[in-house]
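Heads up: the sequence shown runs through residues 829 to 1106, numbered per the working numbering.
I have placed the structure first, in the form of C-alpha cells, so that the comments after it can refer back to it.
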Amino acid sequence: MPYRFLVFTDLDGTLLDHDTYSFDAALPALRLLEKENIPLVINTSKSRGEIEMYRSLLGNRHPFVSENGGGIFIPDGYFSRKFRYGRASDGYLVIESGTSRETLRVVLKSVASETGIRLRGISDMSLPEIMEVTGLDEQSARLAMERSYSEPFLIYGDEEEVVRKIVEKGYNHTRGSRFHHILGENDKGKAVRILSGIYRNESPSIESVGVGDSPNDLPMLKEVDFPILVRKKSGIYDSGCRLENLTLADGEGPDGFNSAILKFFIKYEGKTSTENRI
Ligand code: MG
829 MPYRFLVFTD LDGTLLDHDT YSFDAALPAL RLLEKENIPL VINTSKSRGE
879 IEMYRSLLGN RHPFVSENGG GIFIPDGYFS RKFRYGRASD GYLVIESGTS
929 RETLRVVLKS VASETGIRLR GISDMSLPEI MEVTGLDEQS ARLAMERSYS
979 EPFLIYGDEE EVVRKIVEKG YNHTRGSRFH HILGENDKGK AVRILSGIYR
1029 NESPSIESVG VGDSPNDLPM LKEVDFPILV RKKSGIYDSG CRLENLTLAD
1079 GEGPDGFNSA ILKFFIKYEG KTSTENRI
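Now the structure itself:
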C-alpha cells in the first residue's frame, strides 16, 4: 500500500529527552503514526548500534540514518522496487556517503595542533568519561563509541576558529545537542533526499515531515515538506535553525514532538494512505 506521509526524526533532544533519553512523552504521537501506517525514519548523529537499540524499544521496522547521514540502512525486502545501494550487511542494504572515521580523526588532530586549541574526540575518551559527558548508561555509551563515519568532539577554546580550520581543510562541521561533529560530504538533508526518492518510487505522492532541535537538523528540515522544530531543554528554540516554513512545536524534546505530530496528523487520521486520499 502506498504511503501518503513519511516522518523523519532526530533522536537526542527531539524524540528523546535531552537528559533522560526517554521517549515516553511522545508515546501518543508514536501510537498515531503506527496506527496510520506512517513510517518513522530515525535520522540522527547516533551510531548504528544505538539506533538499533531504540528501534527495538520503539518496535520500529523502518529504514534509518546514522551519524548525520553517513549511513542509510534499509531493511532488506522493505521496498519492493530496486534501488541503488553500496553493500548488504546483516539484513540491511546500506547506502554510505560518509567519510571514514579514521580520516576524520586525523583531520581533527591536525586542527588541534594547528590552532593550539584542545579538542577531545569521543575516541579519545574513556568509557566512564563518555558516560559522564552524555549521561548514558554503560551499554549505551559502548554503542555510542562504535562509529564509522563521524567523530563527535568537544572544544575547549575558540569554537569559531576550530570550525574555520575544519572548513578550510575541506570538511564539514555541525553541532548536535551535545557534541560538535566533524563530517565528510554527508549531512542529514542528503540522506532525506536519497530516502525520500526511494519511497517516492513506490508512493509517488508521499510528503515528508521532519522534526529536529539543533543546527545539525537544519539540512533535514530544509529538505522535508513540513519542517518542525522542538524547544530545547532551556525552553528556547535554537537560534541556528531558521526557515520560512518552519513550524515551532509547543514543547521541548519529546513533548514538542508529541504535540506537533498529533496536531499535524489528527486532521489526516484515516486518510493517510493514497488509496484513502480525498
Ligand atoms: Mg538533537
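Even glycine gets a Cβ: it sits at the ideal position worked out from N, Cα and C.
Note that this is a predicted model, so its numbers are computed, not measured.
* To do: Could you tell me the distance, in whole angstroms, from the CA atom of L844 to the CA atom of G1081?
  => Roughly 6 Å between the two C-alpha positions.
Alpha carbon of P956 to alpha carbon of E942, nearest angstrom
Straight through space, the alpha carbons of E942 and P956 are spaced by roughly 29 Å.
N888 (DSSP reduced to helix, strand or coil): DSSP, read as helix, strand or coil, puts N888 in coil.
_Taking 7 Å as the cut-off, is the C-beta of T812 nearer than that to any heavy atom in the ligand MG?_
Nothing in the structure corresponds to residue 812, since the chain is present only between 829 and 1106.
*asked:* Here's a check: name, in chain order, each residue in its chain whose Cβ is nearer than 6 Å to the Cβ of L834, leaving out the five neighbours to either side.
replied: So the list reads P867, Y1027, I1034, S1036, once near-sequence residues are dropped.
The ligand MG heavy atom lying under 7 Å from the CB of T837: No.
* Asked: Are L971 and G898 closer than 8 Å when you measure CB to CB?
  -> The answer is no: Cβ separation not under 8 Å.
(Q) Under 7 Å: does the beta carbon of G1040 sit that close to some heavy atom of the ligand MG? (A) True, at least one ligand heavy atom lies under 7 Å from that Cβ.
Once DSSP output is grouped into helix, strand and coil, what is the label at N871? Of the three classes helix, strand and coil, the one that applies to N871 here is strand, per DSSP.
* Which residue from F836, L885, P830 puts its Cα closest to that of N852? -> Sequence inspection shows Asp at residue 852; the Asn mentioned does not correspond to that position. When only C-alpha atoms are compared, the closest one is L885.
Go through the segment 1024-1100 residue by residue and report every complete run of the beta strand (DSSP E) that reaches 3 residues or more, in order.
-> Counting whole runs of 3 or more residues, the segment 1024-1100 contains the beta strand (DSSP E) stretches 1035-1040, 1054-1059, 1075-1080.
Practice prompt. State the DSSP-derived secondary structure class of R912, mapped to helix, strand or coil.
Written response: The three-state secondary structure of R912, taken from DSSP, is coil.
Would you kindly work out how many angstroms separate the C-alpha atoms of P903 and G944, rounded to a whole number?
P903 and G944: Cα-Cα distance of roughly 44 Å.
The alpha helix (DSSP H) that contains K989, what's its start and end?
The residue asked about is misnamed: residue 989 is Glu in this sequence, not Lys. Run containing E989: 987-996, per the alpha helix (DSSP H) assignment.
**Message:** Following a CB-centred definition, is T1002 positioned closer than 7 Å to any heavy atom of the ligand MG?
**Reply:** The answer is no for T1002.
query = Grouping DSSP H, G and I as helix and E and B as strand, with all else coil, what is D852?
reply = In this structure, D852 counts as helix in the three-state DSSP scheme.
Exercise. When every heavy atom of the ligand MG is checked, does at least one fall within less than 7 Å of the C-beta of S1005?
Worked result: Yes; taking the cut-off as 7 Å, the Cβ of S1005 has a heavy atom of the ligand MG nearer than that.
Evaluate the contact criterion for the segment 988-995 versus the segment 858-866: three or more CB pairs, one atom per stretch, below 8 Å. With a cut-off of 8 Å, the segment 858-866 and the segment 988-995 do not count as touching, because too few Cβ pairs lie within range.
L971 in three-state terms, based on DSSP
L971 carries a helical assignment under DSSP once its states are collapsed to helix, strand and coil.
Margin query: Taking the straight line between their C-alpha atoms, what separation do you get for T848 and G963?
Written below: Taking the straight line joining both Cα atoms gives about 8 Å.
Practice item. Evaluate N1107 with the Cβ neighbour count: other Cβ atoms within 10 Å of its Cβ, from every protein chain shown; 16 or more gives buried, anything less gives exposed. Key: Because the chain is modelled from 829 through 1106, residue 1107 falls outside the range shown and cannot be assessed.
Problem set entry | Collapsed DSSP secondary structure at T943 in the structure displayed | DSSP places T943 in the helix class (H, G or I) of the three-state scheme.
Minimum C-alpha distance to L839 - residue among G1038, F1054, K1050: It is G1038 whose Cα lies nearest to the Cα of L839.
Exercise. Which residues share a DSSP beta bridge with E924?
Worked result: Answer is G899, bridged to E924.
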